[in-house]
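K.L.:
Each residue of the sequence shown is one higher than the last, beginning at 2 in the numbering used here. Don't be surprised by glycine CBs; every beta carbon is placed ideally from N, CA and C. Quick caveat, the model's predicted, so the values are computed rather than measured.
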Amino acid sequence: MSGSLHGGAVALLFDICTSTAINAVNREGFWDTGHVSRNLNCTYMRPAPEGAKVFVESWVVHLGKRMGLTAGVMKLDSLDGKVCYSCEHGKASVGSSSL
2 MSGSLHGGAV ALLFDICTST AINAVNREGF WDTGHVSRNL NCTYMRPAPE GAKVFVESWV
62 VHLGKRMGLT AGVMKLDSLD GKVCYSCEHG KASVGSSSL
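1) I need the straight-line Cα distance from residue 9 to residue 86, nearest angstrom please.
2) When the distance is taken between beta carbons, is residue 89 closer than 7 Å to residue 24?
3) On a Cα-Cα basis, can you pick out the residue from 66, 21 and 77 that is closest to residue 50?
4) How far does the alpha helix (DSSP H) with residue 31 in it extend, from its first residue to its last?
5) By Cβ distance, which residues of its chain are closer than 8 Å to residue 113, with the 5 residues on each side in sequence left out?
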């Protein structure tokens, strides 16, 4: 290992955190029956060193009837709070099936 957070781990953390952000704004009949990823675009700006604490911030950019977009950043938990990674996460609402 290179002594920094693995890129796959970064993507996993973003997948979980940005998906959870939807749960803060869903309501009955609107994004409440589940959602799946359409795409997950991660940008790696600088490595988070081994042993460093990181802070993940995620938010909902847009939720339409079926498609949505969330985003997030991962910062070093230090005084300067430099951004190490960012992401955009496209989502699709599963919705209730009429079958």
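P.N.:
Once the coordinates are examined:
1) Within the sequence shown, the letter at position 8 stands for residue 9. Within the sequence shown, the letter at position 85 stands for residue 86. Straight-line Cα distance between these residues: approximately 12 Å.
2) Along the sequence shown, one-based indexing puts residue 24 at 23. Along the sequence shown, one-based indexing puts residue 89 at 88. No. Outside cutoff.
3) Residue mapping note: residue 50 aligns to position 49 of the sequence shown, counting from 1. The shortest C-alpha separation from residue 50 is found at 77.
4) Numbered from its first residue, the sequence shown carries residue 31 at position 30. Element bounds for residue 31: n/a, residue is neither H nor E.
5) A question about residue 113 goes unanswered here, because the residues of the chain that appear run from 2 up to 100.
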